[in-house]
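Trainee:
Residue numbers (UniProt numbering), protein chains in the order written: chain V, 1 to 493; chain A, 1 to 441.
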């Protein structure tokens, strides 16, 4: 590999070996590929080889040879250093463009697309968003689509997707993709799913055979699917559960993240996000955050929420996590959600969201509007000649009346399609408004307008008021002051 | 004295002089005749009725024989409205609907308030053709029809529609072209019942004419079942009336394709040649060819809808290079009829090729057989959307081929070759049930 120059005169070197670094004379050397950049490398080749062998022999083994590569740094005056670096160099760039207190608007550059946060990701469970074409998704400004690993691994299988060039090519979606780990679906969809240290054991829905999804397997499947962002397999428990199970799950999640990192074969093209667990316990959450941050991942998700916990606990967990997660990395609140939740979480410093709600509720005839929801099935819609939302610029609101949509919804496929289109447009427009209002410095105005429309009587839920206070957003102009409300404790918004 | 540009029409249609207002909305002229003297290529021009007075209305110029897009409540079953513009134009500019699609709403007043079907459906630049009968959603129920009105079976129940009610719907919906209310009967009715259907249809036509709105072109309905005499009688009567064209009803309701030509010719040989003829229920390619051969200009077809639901994609060759398909071993092994493939078949699981190489439809430009196979297997709506787009596009091309064949004087040859190729594979299982079902209906 190295051309042999004439042997140099002998030198003495001081070699220091610590846990992950070896230095020679206090200097560090870099390996292969960079040989041309540092002329000294060729000069010291023979010495390098000898020292290299010596150091390799003495250097402690890395956590995993497949996730750590040996980096050898060549110093100017002949110093040499060997270090094991984690090979998951980041395949994303996250630049904060504007802030308002904790809220931030950023540019998230992924391998397939340049995104703007805060952003909402529609859920395309089986490699498609129900009833919408990729052309329409681009038209409404969709940036990232979420695919469910569990479903795709079943049909058409990750191997087939890989053979056909990855999910982007398979679906013909030129923008970004994110896949989840598959764990959540298994636990929620499958009868007799169980979690052990090895992984998630379950009965195959195809033939009933016992199967096991390990962290390694989950990552391998996701590597084959090829999304820009992949999620670590975590031990997720419902927040409504209490007791030692939550602590067990949190520590296991940390142990599994190392296995995920080790199994990840495509760190330069796919970003592995870790997921913060710990239930509603601030101490556990904190331990989890610290543990994940130590692994220096490209991004972090806040998991275990959106499962029926009360809103007061929900926002506090989000607030705590966003306060301690690194500023310079994206934060993804999984499974959120309702427009109101997204506004609150953005105020607290989160960047990314996903939820089936907009598309699912469309199939039941419910449209998202600034005031909340509009149930198009309702008899009063039968002769209402207004659009769903007169302030909405989408194709559906520009062309169709509530009366016409009323006759379609729940009866014709076209009804679902048109409503899904509008609802997704609404969520994506909300994301765009969050992004631009933070950058333009008008974020508090946006929040107030939003709350005024949704709560015209000023009855903003207490949890929202509390969250906004922590976020430093003054919403007094649109909400009845807390101390004038009756002294009744509300546990849900 | 009518304006200069309409003088040609007057020479041909001397008895229409009094009703020249009709021609403001619709014009039709035959461009080429086939050797047999029946099949023809024509040009249909429509001025959209929906626009404000004074504004220049867009014109739709469409060559016939032409295919009308089948809709559910005015929009395609699956193709989203913002994808309609990707379909070939002007081929895709005519949409057919039944006023009975709206029995459950919106009601006539609401539709009127909104401004008519063009506004209701957000398709101002398109032409709408209203036909009471719809082979999927509004089936004639002749046993329940009586002298007062025609009965239709719809997903929301059975309705008896009287001419007055029907005209109320037409007035509020304002389609560009509409068909008079007819008593369409199945092939198995008695002679007496059949005769009654002709009498009623003519009476209702007169009723419709008397209530005709100012805009929109009226097509008179011709029925008569499986009786040459009744068919001719009806055709003669309708030809006497002041209509812009003719709707030939009663086919595809239990009649057999083999005997159909007789009854078709009985009507088309009587009707004035310079006015357009529309038929309902002739959806299969062979039926279309049969209709074209008899002198029909406008067709609807549920063929595409049924194909799409079952996961089929049309692939028959659109040029004379049919040899390329005959050597395709994949198609041979499936005993396919070279007209269509079923994308649910496992053989397509990993097939990264387009449904039809070189097809310019949205589906073929963007997606592969493998992806559609996956969508069908996981029961995703996008499968039907993509298939309906491709199948519609492909069927439009079929109509184009027909028009080209007539223009080049080769229509009979074209028709024979097409039928022969299909007949060779008529016993193939992939064809069977679906085809029989659609031909009976």
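C-beta atoms are modelled at their ideal positions from N, C-alpha and C, and glycine is treated no differently. Note that the structure is predicted; figures quoted are calculated from it, not measured.
Does the beta-carbon distance from residue 184 (chain A) to residue 234 (chain A) come in below 8 Å?
Mentor: No.
Trainee: Is it right to say residue 241 (chain V) is buried, meaning 16 or more other beta carbons lie within 10 angstroms of its own, or is it exposed?
Mentor: So residue 241 (chain V) ends up on the exposed side.
Trainee: So, with DSSP's three-state summary, where would you put residue 410 (chain A)?
Mentor: Three-state result, residue 410 (chain A): coil.
Trainee: Can you have a look at residue 477 (chain V) and say buried or exposed, based on whether 16 or more other CB atoms are within 10 angstroms of its CB?
Mentor: Exposed is the call here.
Trainee: Just to confirm before moving on: does the CB-CB distance between residue 177 (chain A) and residue 166 (chain A) stay below 8 Å?
Mentor: Taking 8 Å as the Cβ cut-off, residue 177 (chain A) and residue 166 (chain A) do not qualify as a contacting pair.
Trainee: If we count Cβ pairs, one from each stretch, closer than 8 Å, do we get three or more for the region 398 to 405 of chain V versus the region 362 to 375 of chain A?
Mentor: Flag = no, the region 398 to 405 of chain V and the region 362 to 375 of chain A do not touch.
Trainee: List the residues that DSSP assigns as beta-bridge partners of residue 354 (chain V).
Mentor: In the DSSP output, where bridge partners are listed per residue, residue 354 (chain V) has V:121.
Trainee: Using DSSP with H/G/I as helix, E/B as strand and the rest coil, what is residue 291 (chain A)?
Mentor: In the structure shown, residue 291 (chain A) sits in a helix (DSSP, three-state: H, G or I).
Trainee: Counting beta carbon pairs with one atom in the region 58 to 65 of chain A and one in the region 101 to 121 of chain V, are three or more of them shorter than 8 Å?
Mentor: Judged by Cβ distances under 8 Å, the region 101 to 121 of chain V makes no contact with the region 58 to 65 of chain A, as fewer than three pairs qualify.
Trainee: Please list, in chain order, the residues of the region 77 to 105 of chain A that have any C-beta partner in chain V closer than 8 Å.
Mentor: If the cut-off is 8 Å between Cβ atoms, the region 77 to 105 of chain A has 77, 78, 80, 81, 82, 83, 102, 104 and 105 near chain V.
Trainee: I'd like the list of long-range same chain contacts for residue 466 (chain V), defined as Cβ closer than 8 Å, with 5 residues on each side in sequence excluded.
Mentor: 312 and 315, listed in sequence order.
Trainee: So, is residue 215 (chain V) buried or exposed, given that buried needs 16 or more other C-beta atoms within 10 angstroms?
Mentor: Looking at its Cβ environment, which holds 16 or more other Cβ atoms inside 10 Å, residue 215 (chain V) is buried.
Trainee: Let me make sure I understand the geometry here. Which of A:416, A:364, A:378 and A:413 has the alpha-carbon closest to that of residue 392 (chain A)?
Mentor: The option with the nearest alpha carbon to residue 392 (chain A) is A:364.
Trainee: Chain V beta carbons: is any one of them nearer than 8 Å to that of residue 117 (chain A)?
Mentor: Judged by the 8 Å Cβ criterion, residue 117 (chain A) is not in contact with chain V.
Trainee: Mind checking which residues open and close the alpha helix (DSSP H) that includes residue 250 (chain V)?
Mentor: Note, residue 250 (chain V): alpha helix (DSSP H), 244 to 263.
Trainee: Can you say whether residue 224 (chain V) is buried or exposed, counting buried as having 16 or more other CB atoms within 10 angstroms of its CB?
Mentor: So residue 224 (chain V) counts as buried.
Trainee: Just to confirm before moving on: does the CB-CB distance between residue 391 (chain V) and residue 370 (chain V) stay below 8 Å?
Mentor: The answer is yes: Cβ separation under 8 Å.
Trainee: Short of 6 Å in beta carbon distance, which residues of its chain neighbour residue 350 (chain A), apart from the five on each side in sequence? Order them along the chain.
Mentor: So the qualifying residues of the chain are 370.
Trainee: Residue 279 (chain A) lies in the alpha helix (DSSP H); which residues open and close that run?
Mentor: Where residue 279 (chain A) is concerned, there is no enclosing alpha helix (DSSP H), although the beta strand (DSSP E) it sits in stretches over 277 to 279.
Trainee: Going by the DSSP bridge assignment, what does residue 367 (chain V) pair with across the sheet?
Mentor: V:374, per the DSSP bridge assignment.
Trainee: When DSSP labels each residue in this structure, what does residue 130 (chain A) get in the three-state scheme?
Mentor: Residue state, collapsed to three classes: strand.
Trainee: Below 8 Å on the Cβ atoms is my contact criterion, and I expect residue 131 (chain A) with residue 179 (chain A) to pass it. Report the Cβ-Cβ distance as a whole number of Å.
Mentor: About 5 Å; that satisfies the 8 Å criterion.
Trainee: Assuming residue 274 (chain A) contacts residue 30 (chain A) (C-beta within less than 8 Å), just tell me the rounded distance between them.
Mentor: With 8 Å as the limit, residue 274 (chain A) and residue 30 (chain A) qualify as a contact, their Cβ atoms being about 6 Å apart.
Trainee: Just to confirm, are residue 239 (chain V) and residue 307 (chain V) a CB contact at a threshold of 8 Å?
Mentor: In this structure, residue 307 (chain V) lies closer than 8 Å to residue 239 (chain V) by Cβ.
Trainee: Could you name each continuous beta strand (DSSP E) segment of 3 residues or more that falls completely within the region 156 to 203 of chain V, going from the start of the chain to the end?
Mentor: Here the runs fully enclosed are 176 to 179 and 200 to 203.
Trainee: Find the nearest neighbour of residue 441 (chain V) within the set V:156, V:127, V:253 and V:99, judged by alpha-carbon distance.
Mentor: Comparing Cα-Cα distances from residue 441 (chain V) to each of V:156, V:127, V:253 and V:99, the minimum goes to V:99.
Trainee: Decide if residue 277 (chain V) is buried, meaning its Cβ has at least 16 other Cβ atoms within 10 Å, or exposed.
Mentor: Residue 277 (chain V) should be labelled buried.
Trainee: Can you grab the Cα-Cα spacing for the pair residue 244 (chain A) / residue 103 (chain A), in whole Å?
Mentor: Roughly 27 Å between the two C-alpha positions.
Trainee: May I ask you to report which of helix, strand or coil DSSP gives residue 28 (chain A)?
Mentor: In this structure, residue 28 (chain A) counts as strand in the three-state DSSP scheme.
Trainee: Output the distance between the C-alpha atoms of residue 227 (chain V) and residue 134 (chain V), rounded to the nearest integer angstrom.
Mentor: Between residue 227 (chain V) and residue 134 (chain V), the C-alpha separation is close to 16 Å.
Trainee: Can you round the beta-carbon distance between residue 444 (chain A) and residue 208 (chain A) to whole angstroms, since I take them to be within the 8 Å contact cut?
Mentor: The structure shown does not extend to residue 444 (chain A), since chain A spans only 1 to 441, so no value can be given for it.
Trainee: CA-CA distance, residue 44 (chain A) and residue 93 (chain A)?
Mentor: Those two C-alpha atoms are separated by around 12 Å.
Trainee: Counting only the same chain and skipping the five closest in sequence on each side, list residues whose C-beta sits under 8 Å from that of residue 241 (chain A).
Mentor: Closer than 8 Å at the Cβ level, and outside the excluded window around residue 241 (chain A), lie 205, 206, 209 and 220.
Trainee: So for residue 218 (chain A), helix, strand or coil by DSSP?
Mentor: Residue 218 (chain A): strand per DSSP, three-state reduction.
Trainee: Could you round the C-beta distance between residue 263 (chain V) and residue 219 (chain V) to whole angstroms and report it? I think they count as a contact, below 8 Å.
Mentor: Contact holds; Cβ gap of about 4 Å.
Trainee: Answer with buried or exposed for residue 88 (chain V), where buried requires no fewer than 16 other C-beta atoms within 10 angstroms of its C-beta.
Mentor: Low confidence applies here, because residue 88 (chain V) scores a pLDDT of 46, under 50, leaving its location unreliable; read the following figure in that light. Burial call: buried.
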